[in-house]
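Trainee: Take a look at the following structure, please.
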Amino acid sequence: MRRVRTTVPLAFPLALVLATGVLGTFFDRATEIYFINSLVSVSMVVALYVFVGNSGVLSFGHMSFVAVGAWTAGVLSVPVEEKPATMPSLFGFLGDSTVGNIPSLLLAALVGGVFALVAGLPLMRLSGLAAGIATFAVLEITNNILRYYEKIGPGLNVFSSVPETTDLQQAAIGAAVAILVAFGYQVSRFGRQLRAARDDAPAARAVGISVYRQRLIAFALSGALAGFAGGLYVHFLPISVDAVYLDLTFLTLAMLVVGGMTSLWGAVVGALAVSGLDSVLAEAENGLGGIDLPAGSRTIVVGALMALVLILRPEGITGGREVRLGPLLRSRSQKEGAA
Amino acid sequence: MTGLVASGLTDFLRSAVDPQVQVDAIGIGAIYALMAVGIGLVFGVLRLVNFAYGQLVMAGAFALAFASDRDWPVWAGIVLCFAVVIALTMAMERVVFRPLRTQSAATMLVATFAVAFLLQAIALVIDQRDDTLGEPAASLARLNLPWVIFGTDVRKITVVAIVTAVVCLLALVLFLGRTTVGLQMRAAAMDFQTARLLGVRANRVIGSAVFLSGVLAAIVAVMLTVQQPLVTSTFALRETIVVLAGVVVGGMNRLLSATLGGFAIGYASGLLGGALPTEQSQYLPSFLFGLVILTLLVRPGGLFTRGGGPVERV
Numbered sequence: 001m002r003r004v005r006t007t008v009p010l011a012f013p014l015a016l017v018l019a020t021g022v023l024g025t026f027f028d029r030a031t032e033i034y035f036i037n038s039l040v041s042v043s044m045v046v047a048l049y050v051f052v053g054n055s056g057v058l059s060f061g062h063m064s065f066v067a068v069g070a071w072t073a074g075v076l077s078v079p080v081e082e083k084p085a086t087m088p089s090l091f092g093f094l095g096d097s098t099v100g101n102i103p104s105l106l107l108a109a110l111v112g113g114v115f116a117l118v119a120g121l122p123l124m125r126l127s128g129l130a131a132g133i134a135t136f137a138v139l140e141i142t143n144n145i146l147r148y149y150e151k152i153g154p155g156l157n158v159f160s161s162v163p164e165t166t167d168l169q170q171a172a173i174g175a176a177v178a179i180l181v182a183f184g185y186q187v188s189r190f191g192r193q194l195r196a197a198r199d200d201a202p203a204a205r206a207v208g209i210s211v212y213r214q215r216l217i218a219f220a221l222s223g224a225l226a227g228f229a230g231g232l233y234v235h236f237l238p239i240s241v242d243a244v245y246l247d248l249t250f251l252t253l254a255m256l257v258v259g260g261m262t263s264l265w266g267a268v269v270g271a272l273a274v275s276g277l278d279s280v281l282a283e284a285e286n287g288l289g290g291i292d293l294p295a296g297s298r299t300i301v302v303g304a305l306m307a308l309v310l311i312l313r314p315e316g317i318t319g320g321r322e323v324r325l326g327p328l329l330r331s332r333s334q335k336e337g338a339a
Numbered sequence: 340m341t342g343l344v345a346s347g348l349t350d351f352l353r354s355a356v357d358p359q360v361q362v363d364a365i366g367i368g369a370i371y372a373l374m375a376v377g378i379g380l381v382f383g384v385l386r387l388v389n390f391a392y393g394q395l396v397m398a399g400a401f402a403l404a405f406a407s408d409r410d411w412p413v414w415a416g417i418v419l420c421f422a423v424v425i426a427l428t429m430a431m432e433r434v435v436f437r438p439l440r441t442q443s444a445a446t447m448l449v450a451t452f453a454v455a456f457l458l459q460a461i462a463l464v465i466d467q468r469d470d471t472l473g474e475p476a477a478s479l480a481r482l483n484l485p486w487v488i489f490g491t492d493v494r495k496i497t498v499v500a501i502v503t504a505v506v507c508l509l510a511l512v513l514f515l516g517r518t519t520v521g522l523q524m525r526a527a528a529m530d531f532q533t534a535r536l537l538g539v540r541a542n543r544v545i546g547s548a549v550f551l552s553g554v555l556a557a558i559v560a561v562m563l564t565v566q567q568p569l570v571t572s573t574f575a576l577r578e579t580i581v582v583l584a585g586v587v588v589g590g591m592n593r594l595l596s597a598t599l600g601g602f603a604i605g606y607a608s609g610l611l612g613g614a615l616p617t618e619q620s621q622y623l624p625s626f627l628f629g630l631v632i633l634t635l636l637v638r639p640g641g642l643f644t645r646g647g648g649p650v651e652r653v
């Protein structure tokens, strides 16, 4: 019983992601895109959650790990013969080799993780606003270099001719993998130590927890997940450097906060709720069921709704708590006892 | 290799002391300092980093473009700009900041993100009514013409920016030092709870800080529009990001250090932009934000603050 109860916080997010995947198969290709997109968002937001949710420190830099992952997977998986057309000035080994789908995703995770680890070594000494601005600086630098350095990618152009292997199945499996890793981390001793430090840093220090080391571990792991999500993303859409910059940073952070920053359940619910709403509005812009919104009004509605949720329910939709069956079971047994 | 670096550095220094580069850098620094004051004032009383500050400036720029489009006289456009920006600032305070006042810094920051995103989306829809990108605000452009002083082009707006910044900062110092509301504002910035216990009215103090930050945003809107007459939905976005970094680098806890931080980062970006060779100047943000990270690592509490940061004890 106890074992069942501890896996409930894992089962619900997984079930939600799988249900989204299954639901997507009932629609045509044009609508399926929205489902894939929301599942890729889930993996990004879960990656962000691993650091932000467990440490309580905001990071504006995670889209740089997503970008680096997307660049790794994208550059490596374009077929060799098509590389000169879009990326003429690649470094030799990048231009001469190509890898398959799964290896490219794993390499994306590896590069994202290593980059986060290296960036985190100095940055995790900071906290509060200084940490926020420093992670933002990482985003600016990464974006600036990817935008102009054409030896490692397409520069200002979009990633064309990357095999589009992120279908509904791969997106769902990817999101599920991200959730599994995030859950495994948050119930491990590392995750628990970091959450202790988040809730009461002086007390955590007093029992011998190194806040710096725990933050660094979480940052590197969440960077790896973000790189993986970036890999999924580049295999889904022909993206450019602007797709993994400010707008996505804002959107993923808002998804996390709207869902509830401090729980895995919140991350998954927030990602699905916001991207679901965004999809419905996108359809409405094209004319859906008699409603015909003018172009561009979608972002207005999404922005307004997010501001509204934050004002009315600042802890997020889930209140930042995991799913627990405890209250449900208890009330049932009490009723049985009464009868 | 070292020779190459050394010669690059000499070239950089030689261009950096060029009066033209210096004048432009000081001009950028002055505008950024004004934005830093606007952000720092609100942070002082609310502990809120207003990411949507740039969108206030953007709204003001759209007002100027609107006036210019209808051939209003320049003064009427500026009046409209001030009215729009101040109304929007006060509305933002009432609708967003006030309900969130007791929430965590993270929630408030993300909420201002949402507001910024919302205002930008609205601006994009307005911009896209016609099929051209951006709305021109040409009526102010003649302020952008240069005076030539000792072979250096000094654009009129640079002089206006520096003078305005100095005047505004002096006025602010007098306001904070010599008036009751200013005193209350400083008290609230130091310890909000105690200030309230001693009879400082929270809404009034916050309202005046937000109002002043709105006035500054309108001034910045006018000056930025002179320099970039094509107004788009991302107007002032880059500037805000850089100023936010500068404010934190300078030290958010005191208005003076925040202002100096804003000036310093504007000056640094003007210097790097003017003195870097062309093939490297596209990497300007990398240099600038690399400097930001370095400074934060060396002085996390702020470049212009005294003493170490507070350490929480049990």
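Chains A and B, in that order, are what the protein sequence lines are. So in the numbering used here, spot 64 of the first sequence is number 64, and the numbers just go up one at a time. So in the numbering used here, spot 18 of the second sequence is number 357, and the numbers just go up one at a time. Every residue, glycine too, gets a C-beta built ideally from N, C-alpha and C.
1) Can you find a CB in chain B that lies within less than 8 Å of the CB of A/Asn157?
2) Determine the burial state of B/Asp469: buried for a count of at least 16 other Cβ atoms within 10 Å of its Cβ, exposed for fewer.
3) In chain A, what lies closer than 8 Å to B/Val435 by C-beta?
4) Figure out for me which residue from A/Leu194, A/Ile217, A/Ala218, A/Leu216 has the closest Cα to the Cα of A/Val207.
5) I think B/Gly590 touches B/Gly640, with their Cβ atoms under 8 Å apart; what is that distance to the nearest whole Å?
6) So A/Leu285 contacts chain B; which residues on that side make the cut at Cβ distance below 7 Å?
7) For A/Phe250, decide whether its Cβ has a neighbour in chain B, counting only Cβ atoms nearer than 8 Å.
8) Roughly how many whole angstroms lie between the Cα atoms of A/Glu283 and A/Ile33?
9) Could you name each continuous alpha helix (DSSP H) segment of 4 residues or more that falls completely within the stretch 435-481 of chain B, going from the start of the chain to the end?
10) If you draw a straight line from the C-alpha of A/Pro84 to the C-alpha of A/Asn37, how long is it?
11) Tell me which residues of the stretch 313-326 of chain A have at least one Cβ-Cβ distance to chain B shorter than 7 Å, keeping chain order.
12) Name the residues in the stretch 616-649 of chain B whose C-beta lies less than 7 Å from a C-beta of chain A; which are they?
13) How many angstroms separate the CA atom of B/Leu595 from the CA atom of B/Ala548?
14) Taking A/Arg195 as part of the alpha helix (DSSP H), name the residues at either end of that continuous run.
15) Can you pull the chain A residues whose beta carbon is under 8 Å from the beta carbon of B/Met429, in chain order?
16) Would you identify the three-state DSSP class for B/Leu583, choosing helix, strand or coil?
17) Run through the DSSP bridge pairs and tell me what B/Val570 is partnered with.
18) Can you check whether the CB of B/Asn389 is closer than 8 Å to the CB of B/Val376?
19) State yes or no: is the beta carbon of B/Met397 nearer than 8 Å to at least one beta carbon in chain A?
20) When you compare the CB of B/Met326 with every CB in chain A, is at least one pair closer than 8 Å?
21) Near A/Ile217, which residues of its chain fall below 6 Å by C-beta distance, leaving aside the five closest residues on each side in sequence?
22) Does the Cβ of B/Glu604 have 16 or more other Cβ atoms within 10 Å, making it buried, or fewer, making it exposed?
23) Please list, in chain order, the chain A residues whose beta carbon lies closer than 9 Å to that of B/Thr518.
24) According to DSSP, simplified to helix, strand and coil, what is B/Pro643?
25) Measure the alpha-carbon distance for A/Ala137 versus A/Ala108 and round it to whole angstroms.
26) Would you call B/Glu474 buried or exposed, if buried means 16 or more other Cβ atoms sit within 10 Å of its Cβ?
27) I'd like the ranges of any alpha helix (DSSP H) spanning at least 4 consecutive residues and lying wholly in the stretch 119-155 of chain A.
28) Verify the CB distance criterion: does B/Leu457 have a CB-CB separation below 8 Å to chain A?
29) According to DSSP, is A/Ser279 part of a helix, a strand, or is it coil?
30) Between A/Val310 and B/Val449, is the Cβ-Cβ spacing less than 8 Å?
31) Thinking C-alpha only, which one of A/Val46, A/Ala176, A/Trp71, A/Arg125 is nearest A/Leu146?
32) In its own chain, which residues sit with a C-beta less than 8 Å from the C-beta of B/Ile580, not counting the 5 before and 5 after it?
33) Answer with yes or no whether the minimum CB distance from B/Thr349 to chain A is below 8 Å.
34) At which residues does the alpha helix (DSSP H) containing B/Phe405 begin and terminate?
35) Can you give me the C-alpha to C-alpha distance between A/Leu23 and A/Met255, rounded to a whole angstrom?
Mentor: In short:
1) The residue you call residue 157 of chain A lines up with position 157 of the first sequence. No, its Cβ sits nowhere closer than 8 Å to a Cβ of chain B.
2) For the purposes of this step, residue 469 of chain B is taken as residue 130 along the second sequence, with counting starting at 1. When all chains shown are included, B/Asp469 counts as exposed.
3) As a first step, residue 435 of chain B must be located in the second sequence, where it is residue number 96. Neighbours of B/Val435 on chain A, chain order: Ala307, Ile311.
4) Residue numbering aside, residue 207 of chain A sits at position 207 when the first sequence is read from its first letter. Comparing Cα-Cα distances from A/Val207 to each of A/Leu194, A/Ile217, A/Ala218, A/Leu216, the minimum goes to A/Leu194.
5) Here residue 590 of chain B refers to the residue found at position 251 of the second sequence. Here residue 640 of chain B refers to the residue found at position 301 of the second sequence. At roughly 6 Å, the Cβ-Cβ gap stays under 8 Å, so B/Gly590 and B/Gly640 are in contact.
6) Position 285 of the first sequence, counting from 1, holds the residue named residue 285 of chain A. Looking at the sequence shown, residue 285 of chain A is not Leu but Glu. Chain B residues near A/Glu285: none, gap ~11 Å exceeds 7 Å.
7) For the purposes of this step, residue 250 of chain A is identified with residue 250 of the first sequence, where counting begins at 1. Yes, because at least one Cβ of chain B sits closer than 8 Å to the Cβ of A/Phe250.
8) As a first step, residue 283 of chain A must be located in the first sequence, where it is residue number 283. As a first step, residue 33 of chain A must be located in the first sequence, where it is residue number 33. Their Cα atoms are separated by approximately 12 Å.
9) Runs of the alpha helix (DSSP H) spanning 4 or more residues and lying entirely within the stretch 435-481 of chain B occur at 444-466, in chain order.
10) By 1-based counting over the first sequence, the position of residue 84 of chain A is 84. By 1-based counting over the first sequence, the position of residue 37 of chain A is 37. Computed Cα separation, rounded: 29 Å.
11) Pro314
12) Gln621, Tyr622, Pro624, Ser625, Phe628, Gly629, Val631, Ile632, Leu635, Leu636, Pro639
13) To locate residue 595 of chain B, count along the second sequence from 1; it is residue 256. To locate residue 548 of chain B, count along the second sequence from 1; it is residue 209. Approximately 15 Å, taken between the alpha carbons.
14) For the purposes of this step, residue 195 of chain A is identified with residue 195 of the first sequence, where counting begins at 1. Run containing A/Arg195: 189-199, per the alpha helix (DSSP H) assignment.
15) As a first step, residue 429 of chain B is located in the second sequence; it is residue number 90 there, counting from the start. Going along chain A, no residue has its Cβ under 8 Å from B/Met429, so there is no contact; the nearest lies around 16 Å.
16) One-based indexing of the second sequence puts residue 583 of chain B at position 244. Helix at B/Leu583.
17) Locating residue 570 of chain B in the second sequence gives position 231, counting from the first residue. According to DSSP, B/Val570 bridges with B/Glu474.
18) As a first step, residue 376 of chain B is located in the second sequence; it is residue number 37 there, counting from the start. As a first step, residue 389 of chain B is located in the second sequence; it is residue number 50 there, counting from the start. No, Cβ-Cβ distance for B/Val376 and B/Asn389 is not below 8 Å.
19) Reading the second sequence from its first residue, position 58 is the one you call residue 397 of chain B. B/Met397 does not count as touching chain A.
20) This structure gives no information on residue 326 of chain B, because the portion of chain B shown stretches from 340 to 653.
21) What you label residue 217 of chain A is simply residue 217 of the first sequence in a count that begins at 1. Counting only residues of its own chain and dropping the five nearest sequence neighbours on each side, A/Ile217 has a CB closer than 6 Å to the CB of Phe190.
22) Position 265 of the second sequence holds residue 604 of chain B. Going by the sequence as given, residue 604 of chain B is Ile instead of Glu. Label assigned to B/Ile604: buried.
23) The residue you call residue 518 of chain B lines up with position 179 of the second sequence. Residues of chain A with a Cβ closer than 9 Å to the Cβ of B/Thr518 do not exist; the shortest Cβ-Cβ separation is about 29 Å.
24) Reading the second sequence from its first residue, position 304 is the one you call residue 643 of chain B. This sequence places Phe at residue 643 of chain B; Pro is not what is there. In the structure shown, B/Phe643 adopts coil according to DSSP, grouped into three states.
25) Stepping through the first sequence from its first residue, residue 137 of chain A is reached at position 137. Stepping through the first sequence from its first residue, residue 108 of chain A is reached at position 108. Going from the Cα of A/Ala137 to the Cα of A/Ala108 covers about 22 Å.
26) Counted from its first residue, the second sequence places residue 474 of chain B at position 135. Buried, since its Cβ has 16 or more Cβ neighbours within 10 Å.
27) 128-148
28) Indexing the second sequence from 1 puts residue 457 of chain B at position 118. It does: the Cβ of B/Leu457 has a partner Cβ on chain A nearer than 8 Å.
29) Counted from its first residue, the first sequence places residue 279 of chain A at position 279. It is helical.
30) Taking the first sequence and counting its residues from 1, one reaches residue 310 of chain A at position 310. Taking the second sequence and counting its residues from 1, one reaches residue 449 of chain B at position 110. Looking at the sequence itself, residue 310 of chain A is Leu, so the reference to Val does not match. The answer is yes: Cβ separation under 8 Å.
31) Taking the first residue of the first sequence as position 1, residue 146 of chain A is located at position 146. Nearest option by C-alpha distance: A/Trp71.
32) Taking the first residue of the second sequence as position 1, residue 580 of chain B is located at position 241. These residues qualify, in order along the chain: Gly393.
33) For the purposes of this step, residue 349 of chain B is taken as residue 10 along the second sequence, with counting starting at 1. For B/Thr349, the answer is no, since every Cβ of chain A falls outside 8 Å of its Cβ.
34) In the second sequence, counting from the first residue as 1, residue 405 of chain B sits at position 66. 392-408 is the span of the alpha helix (DSSP H), which, as asked, contains B/Phe405.
35) By 1-based counting over the first sequence, the position of residue 23 of chain A is 23. By 1-based counting over the first sequence, the position of residue 255 of chain A is 255. Roughly 21 Å between the two C-alpha positions.
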